[in-house]
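*Asks:*
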Amino acid sequence: MTKIVSRAALAASLLLAICARAAAAQMQTPDFMAPPYLPPDSSAITAIRAGWLVDVEAGKVLRDQMIVVRGDKIVSVERAPGHVPTGAKVIDLSRYTVTPGLIDCHTHLIGGETNADFLLPLERSAAQETLDGVVHARRTLLAGFTTVRDVGTFRAYLDVALRDYINSGLVMGPRMAVAGAYITVSTGGGEVTGQATDVVLPPEMRLGVANSATEVRQRVREILNHGTDLIKIIATGAVLAAGTKPGVQEYSEEEIHAAVTEAAKYGARVAAHAHGAAGINAAVRAGVASIEHGSLLDDESVRLMKEHGTYLVSDLIDGEYIRQVGKAQGWPAEILRKSEEVAKLKHVGLRKAVAGGVKMAFGTDAGVYPNGENAQQFPLLIQYGGMTPMQVLQSATINAATLIGWQDRVGSIAAGKSADLVAVEGDGLADVGKFAHVAFVMKTGTVYKAP
Ligand SMILES: [Zn+2]
C-alpha cells in the first residue's frame, strides 16, 4: 500500500516537474521564435547602430555607422548618429562588429550528421532525413548563416522541399540554393556506397547517375526541371564514398562540359566536386563555376582558375573534425586514411591558390561535422590558407553571394539589399574566431538572435 502511494506521489511530482519545465521553456521562448518566420510588415523601420561595420565590397571597416532597415530591406547606411526615422525601433550594437549575413557555399543540411557509417542513408527514412534538415536549418541560421548553397542530398529533392518551407515562412532557416541530387558516374563519388554488391538501391538515391555526355544532359534537365537552383557534379572520387579514389578523375572534360552547357540553358551554374588535379583542371576548362574541395590542385589549376574566374570552395573544418573524432567514433578506416591523405596536401594547394589570387568562396561541407559550427573554419583559413581576416569575411559574404548569383540581394550591407545582418562583440576582425558565437542575427528584417 505504502509502495503504491509513494509511487503515485512520485508520478505526481514528476508530472509537476515536467509541467514546470514546459512552462519555463515556453516563457523563455521569445515572440520572434514563433512561426511563421516571415519578414516584418513593409512599413516597420529599424535603426541599427554599429560600432564597427564591415564593408566587404570596399574591403574596409567603418566605425560608428547607422543602418536603417525598412521591412525586409536595408534602405540606408550612414555615419552615426545619423537621422533616426520617426517610429524606428533602435537596436544598439555600438559595442559590436556588424557584418552582412554569412553565407556557406557548401552545406548538406539534409540527413544525419555522422559519416561513421557508409550505410546511414539506408538506415533512415526520407521523413527522418528531412526532419534532420529542419533541425540543421535552424541551427545554421542561429549561427549567423543567413544563406547557404546546399550541394547535394543522397535522396533526391528533399532539399527542394526544405528550401520551399523556409521560403514560405513555416520553417526557420537560411535562404537556400539547392542542387537536388548528385550527378555522378555509377559507383562513383556521389553514390551511396558500402552495401553488398547485390543490394539494389532505391531509384531516388540514384537519380543523378549518368555515364555519358548524353546521360549527363538528361540528368541535368531532369534535376533542373524539378525546381533546383544549381547542378552538383562529382568529377573525381571522394573521401566519404567507399571504394572511390579522390585522386581519380571520374568524368571527362567533355562530360562535365555537357553539364555546364545544359545547365546554362536554365541559367543555372555547376559546382564540381574535385580532389585530384586532372579532374580539377578538366572541370575548370569545362567551365564550372566552382571547384569544391580542390585538394590536390597544382600550378596549372591556379593558372586555369584565374583565367576562367573559377571559385575555389575549400573546406577545412571537416578534415579537422574527422581527425579529432573519427577514430573515437569508429569511422571506417578507409575514410580516416583518405581524409588524412588529402588534408595536408589540401593546405598546400589552398595556400597556393590564395597566393595566386584565385577567387575564394567560403564553404565547409557542413553535415560531415555538426551543422551550425560553420564559422569555426574562419581561423583555419587564416592558419592554413594564409588569408587575411578581411579576405575570410569577403569569402563568406560578397564572394559567396556572387558565386551563387545572388549578389544583387545579399552579400553586403548596402541600400536595396536584403536586411541580413550578423554581429559579434568587439572588433570582429581582430579575432575572427568570435564568429563561432555570433550575438545577433537578422534575416530579411527579422531578428532571430539578439544580445
Ligand atoms: Zn560535400
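Using the numbering used here, the letters of the sequence shown correspond one by one to residues 36 to 486. We put the beta carbon where it would ideally sit given N, CA and C, even for glycine.
From M477 to G402, what does the alpha carbon distance come to, in whole angstroms?
*Replies:* Spanning the two alpha carbons is a distance of roughly 23 Å.
*Asks:* Would a C-beta distance cut-off of 8 Å place A312 and E327 closer than the cut-off?
*Replies:* No, Cβ-Cβ distance for A312 and E327 is not below 8 Å.
*Asks:* Hey, quick one: how far does the alpha helix (DSSP H) through F413 stretch, first residue to last?
*Replies:* F413 -> alpha helix (DSSP H) spans 412 to 420.
*Asks:* My output table needs one value for H141: the three-state DSSP class, helix, strand or coil.
*Replies:* H141 falls in the strand class under three-state DSSP.
*Asks:* Verify the contact flag: V389, CB atom, against every heavy atom of ligand 1, threshold strictly below 7 Å.
*Replies:* No, the Cβ of V389 stays beyond 7 Å of every heavy atom of ligand 1.
*Asks:* Distance, Cα to Cα, I291 vs I258?
*Replies:* Taking the straight line joining both Cα atoms gives about 15 Å.
*Asks:* How many Å lie between M36 and Y200 at the Cα?
*Replies:* In this prediction, M36 scores a pLDDT of 36, lower than 50, which makes its location untrustworthy; no coordinate-derived value is stated.
*Asks:* Might you give, ordered along the chain, the residues of its own chain that have their beta carbon closer than 8 Å to the beta carbon of A161, omitting 5 neighbours on each side?
*Replies:* Around A161: R190, L193, E239.
*Asks:* What is the DSSP secondary structure of S41, counted as helix, strand or coil?
*Replies:* Bear in mind that a pLDDT of 48 at S41, under 50, signals an unreliable position, so the number given afterwards is only what the model happens to contain. S41 falls in the helix class under three-state DSSP.
*Asks:* Cβ of H171 within 7 Å of any heavy atom in ligand 1?
*Replies:* Outside the cutoff, so no.
*Asks:* Looking at V305 and ligand 1, is the gap between the Cβ and the nearest heavy atom below 7 Å?
*Replies:* No, Cβ of V305 sits at least 7 Å from all heavy atoms of ligand 1.
*Asks:* Excluding the 5 residues flanking K469 on each side, which residues of the same chain have their C-beta closer than 6 Å to its C-beta?
*Replies:* V459, G463, listed in sequence order.
*Asks:* Thinking C-alpha only, which one of Q100, Q284, G223, N150 is nearest P405?
*Replies:* Among Q100, Q284, G223, N150, the Cα nearest to that of P405 is on N150.
*Asks:* Where are the beta strand (DSSP E) runs, 3 residues long or more, that stay fully inside the stretch 264 to 350, in chain order?
*Replies:* Those beta strand (DSSP E) runs which fall completely within the stretch 264 to 350 and span 3+ residues are 265 to 269, 304 to 309, 325 to 328, 346 to 348.
*Asks:* My output table needs one value for I352: the three-state DSSP class, helix, strand or coil.
*Replies:* It is helical.
*Asks:* A485 to H171, Cα distance in whole Å?
*Replies:* Going by the C-alpha atoms only, they are around 20 Å apart.
*Asks:* With distances taken between CB atoms, is the gap from V319 to H343 smaller than 8 Å?
*Replies:* Against a cut-off of 8 Å, the Cβ pair of H343 and V319 comes out as a contact.
*Asks:* Which one of T423, V360, D455 has the shortest CA to CA distance from G94?
*Replies:* For the residues T423, V360, D455, the minimum Cα distance to G94 belongs to T423.
*Asks:* Buried or exposed for D233, going by 16 or more other Cβ atoms inside 10 Å?
*Replies:* It is exposed - the Cβ of D233 has fewer than 16 other Cβ atoms within 10 Å.
*Asks:* Measuring CA to CA, which of S203, A82, P116 is closest to R105?
*Replies:* Per the Cα distances, A82.
*Asks:* For A55, I'd like the list of residues in its chain whose CB is within less than 7 Å of its CB, leaving aside the five on either flank, ordered along the chain.
*Replies:* Note that A55 scores a pLDDT of 44, beneath 50, so its modelled location is shaky; the value from the coordinates is reported in the next line. For A55, where only same-chain residues beyond five positions count, there are no Cβ hits under 7 Å.
*Asks:* Looking at V220 and ligand 1, is the gap between the Cβ and the nearest heavy atom below 7 Å?
*Replies:* No - ligand 1 has no heavy atom lying nearer than 7 Å to the Cβ of V220.
*Asks:* Would you report the Cα separation of D90 and V112, rounded to the nearest angstrom?
*Replies:* Whole-angstrom Cα-Cα distance: 10 Å.
*Asks:* Can you tell me whether Q100 is helix, strand or coil according to DSSP?
*Replies:* Three-state DSSP puts Q100 in a strand.
*Asks:* On the three-state DSSP scale, how would you describe F475?
*Replies:* Strand.
*Asks:* If G187 sits next to K267, beta carbons under 8 Å apart, how far is it from one beta carbon to the other, in whole angstroms?
*Replies:* Yes, G187 and K267 are in contact; Cβ-Cβ is about 5 Å, under 8 Å.
*Asks:* Please list, in chain order, all residues of the same chain as V473 whose beta carbon is under 6 Å from its beta carbon, the five residues on each side excluded.
*Replies:* Same-chain partners within the cutoff: G179, V457, V459.
*Asks:* On the three-state DSSP scale, how would you describe A178?
*Replies:* Residue state, collapsed to three classes: coil.
*Asks:* Just mark Q412 as buried or exposed, buried being the case when its beta carbon has 16 or more other beta carbons within 10 Å.
*Replies:* Its Cβ being crowded by 16 or more others within 10 Å, Q412 is buried.
*Asks:* Is it buried or exposed for D455, if we count other Cβ within 10 angstroms and need 16 for buried?
*Replies:* Answer is buried; the Cβ neighbour count reaches 16.
*Asks:* At what residues does the alpha helix (DSSP H) containing L371 begin and finish?
*Replies:* Run containing L371: 368 to 390, per the alpha helix (DSSP H) assignment.
*Asks:* Quick check on the DSSP output: the alpha helix (DSSP H) that includes L259 runs from which residue to which?
*Replies:* Where L259 is concerned, the enclosing alpha helix (DSSP H) stretches over 248 to 260.
*Asks:* Is DSSP giving S430 helix, strand or coil here?
*Replies:* S430: helix per DSSP, three-state reduction.
*Asks:* Helix, strand or coil: which one does DSSP assign to E113?
*Replies:* Residue state, collapsed to three classes: strand.
*Asks:* Going by DSSP, what residue range makes up the beta strand (DSSP E) through L128?
*Replies:* Its beta strand (DSSP E) spans residues 124 to 135.
*Asks:* Hey, could you find the ends of the beta strand (DSSP E) I201 is sitting in?
*Replies:* Unbroken run through I201 is the alpha helix (DSSP H), 193 to 203; no beta strand (DSSP E).
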